[in-house]
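Heads up, the thing below is written out as structure tokens.
Numbering (the working numbering), first residue to last: 1385 to 1512.
Spelled out as structure tokens, the structure:
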């Protein structure tokens, strides 16, 4: 029985380590960047579509995305996607929403993502 528990624990650890490695090596395009390297993977097409959709978001849609990012009942993946989509929006209100998300009591990974997106947007607006 102890051997089985040790094996399950080892497999769980390996799965967790792989998930962290995958997240660390997955490359997302810089926020606000119009240029992406050629990539034939389906993920690249999804990100291109997400970028195009984010450019045309209304303030009302951004509010809904902010609510998704702050909702505790949503999965972490949904929340991160909402933050990423907000960060792609060229509207000034998107910066405000990212700041609110970054200051909210959220899991660390979501807060860090919001702060990174906000910093990249601030650099983009300062350059213009």
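Glycine included, each C-beta is placed from N, C-alpha and C at the ideal position.
Remark: C-beta atoms of residue 1508 and residue 1485 do not approach each other more closely than 8 Å.
Residue nearest to residue 1437 within the set 1501, 1493 and 1470 is 1470 (criterion: CA-CA distance). Taking the Cα of residue 1476 as reference, the smallest distance to any Cα among 1456, 1505, 1511 and 1430 is reached at 1505. Classified as exposed, residue 1448 has fewer than 16 neighbouring CB atoms from the shown chains inside 10 Å of its CB. Less than 8 Å divides the Cβ of residue 1502 from the Cβ of residue 1482.
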